[in-house]
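Here the structure comes first, spelled out in structure tokens, and everything after it is commentary.
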Amino acid sequence: MPLETSSVPNRCSGDAHLAEKVILTAAHWREFLNKFNRAYPRFLGAINTRYPKLTKAEIRFCCLTFLSVSDNEMADMLGVGVNSIRVTRNRVRKKLQLGKGDDLEVLLKGF
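Okay, so the sequence shown: first residue is 2 according to the numbering used here, each after it adds one.
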């Protein structure tokens, strides 16, 4: 299975490469995480410190949301349905105690 897909719209150069990854296996996730940490070295430490109860799947969702990946793109990258992405978003919003008017992506960009 290829690691790259061309279905993701152009983003700034660092984000584009990360946002084009397919993350179907633990090895894909480790590769993505390694590159993500090099590009954004403070993000994961900050989010894990502030929200230690987030699961690996929720952290993965947060990383992709931080990169402005759409629900459809995320579902394709992770090999899940769009509804699974929406369920994860709702769980993350609840754990982060966000209200209806709060923007998750804006919060994550602040890390």
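Using N, Cα and C, we set each Cβ at its ideal position, and we do this for glycine too.
Model, not experiment: these values are computed from the prediction.
How far does the alpha helix (DSSP H) with residue i in it reach, from first residue to last?
i    : result
G46  : F44 to R51
K36  : A27 to A40
K110 : L105 to K110
Taking all protein chains shown into account, do 16 or more other C-beta atoms lie within 10 angstroms of the C-beta of residue i, making it buried, or fewer, making it exposed?
i    : result
V88  : exposed
T26  : exposed
G102 : exposed
T50  : exposed
V93  : buried
V70  : buried
How many Å lie between residue i and residue j at the Cα?
i    : j    : result
N73  : V83  : 6 Å
L79  : R43  : 24 Å
R29  : F112 : A quick correction: the sequence has His, not Arg, at residue 29. The alpha-carbon atoms of H29 and F112 are separated by roughly 24 Å.
D77  : R61  : 14 Å
L97  : R39  : 25 Å
T65  : V81  : Reading off the sequence, residue 65 comes out as Leu, not Thr. Each residue's Cα considered, the two are about 14 Å apart.
K36  : L68  : 13 Å
P53  : R31  : 19 Å
G46  : T56  : 14 Å
V23  : K95  : 27 Å
G100 : Y41  : 26 Å
E59  : V107 : 16 Å
C63  : I86  : 11 Å
M75  : F33  : 13 Å
Pull up the CB-CB distance for residue i and residue j, whole angstroms please, since I reckon it's below 8 Å.
i   : j    : result
R90 : L105 : 7 Å
Residue i: beta carbon under 7 Å from a heavy atom of the ligand MN?
i   : result
C64 : As presented, the structure is devoid of all ligands, the ligand MN included, so that no description of it is given.
Please decide whether residue i counts as near chain B, where near means a Cβ-Cβ distance under 8 Å.
i   : result
A28 : In summary, chain B is missing from the structure at hand, where a single protein chain is found.
Next item on the list: Could you name each continuous alpha helix (DSSP H) segment of 4 residues or more that falls completely within the segment 65 to 96, going from the start of the chain to the end?
Entry: Here the runs fully enclosed are 72 to 79 and 83 to 96.
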